[in-house]
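*Asks:*
Numbering (full-length UniProt numbering), first residue to last: 1 to 266.
#1: Quick one: measure Cβ to Cβ for residue 225 and residue 158, integer angstroms, because I've assumed they're closer than 8 Å.
#2: Check for me: the alpha helix (DSSP H) holding residue 139 runs from which residue to which?
#3: Leaving out the 5 sequence neighbours to the left and right, which residues in its chain are closer than 7 Å to residue 151 when beta-carbon positions are compared?
#4: How would you call residue 132, buried or exposed, if buried means at least 16 neighbouring beta carbons within 10 angstroms?
#5: Does the Cβ-Cβ distance between residue 73 and residue 223 come in under 9 Å?
#6: What's the call for residue 229, buried or exposed, on a 16-neighbour Cβ count within 10 Å?
#7: Pull up the CB-CB distance for residue 13 and residue 227, whole angstroms please, since I reckon it's below 8 Å.
#8: Can you name the start and end residues of the alpha helix (DSSP H) that residue 195 belongs to?
#9: Under a three-way DSSP split, which group does residue 149 fall into?
#10: Under 8 Å, with one C-beta from each stretch per pair, do the region 166-180 and the region 232-244 reach the 3-pair mark?
#11: To the nearest angstrom, report how far apart residue 192 and residue 154 are at their CA atoms.
#12: Thinking residue 55 and residue 26 are a contact (beta carbons under 8 Å), I'd like their distance in whole angstroms, please.
#13: Look at the Cβ atom of residue 21, then the Cβ atom of residue 47, and state whether they are nearer than 9 Å.
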């Protein structure tokens, strides 16, 4: 059995690989069709013009679904490992709520493009990465609280490092974006897809775009730390039958049917 076939480790692997592919495929398509500049455009710019917009949207919607599934499994795992620790249970519920909000933000990013509905797109980005960073913080705190009985110290330090990487990318992107869109370098920069390196504001633009890519991959990298944990868990569905038929039949008919089933007539 391969390592990604053990337990439910395929979930975080699928989430990371598929999400990274959605960024890369949209970027390649946009570059091939000369819709954006090759040197580090905004991720959202690579999903603005058809056909890459269609590819970007549908792939990110699937990423949102994979994200919800991964976060739910993580929630169930932490709950199963700490059934009597009220502090961890409360934090675990908060983490699941934040994670689902982050996935909803990803759906907004996928379906409301930057150049069409900018403020709604920004709202989606804040939910995805802002609330997502708080989700990472909660999971890092849970990792700290569960060591050394459940988690090793190494996992905690790895998650803390990725969290700091994510937070530094957020700060860098926020500061550079505020400078870029302050009005010093012109107006209507939201619609601008092509930049000349000689233009004023190009440095701030480049810092902002690099920070966005760094933020996206730091966010995805956090879910790579779930792989070893998910190798040790599996979920199964239990089916409970409340009757021998799916029809809303009279009780007398159901009783007769059960009698025939016991007798082996049907």
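Each residue gets a CB set at the ideal place from its N, CA and C atoms; glycine is no exception. Just so it is clear, the structure is predicted and the values come from calculations on it, not from any experiment.
*Replies:* By the coordinates alone:
#1: 6 Å
#2: 132-145
#3: 143
#4: Its Cβ being crowded by 16 or more others within 10 Å, residue 132 is buried.
#5: no
#6: buried
#7: 6 Å
#8: Counting along the chain, residue 195 falls outside any alpha helix (DSSP H), and DSSP gives it neither H nor E.
#9: coil
#10: Touching, no.
#11: 44 Å
#12: Yes, they are in contact, since the Cβ atoms of residue 55 and residue 26 sit about 6 Å apart, within 8 Å.
#13: no
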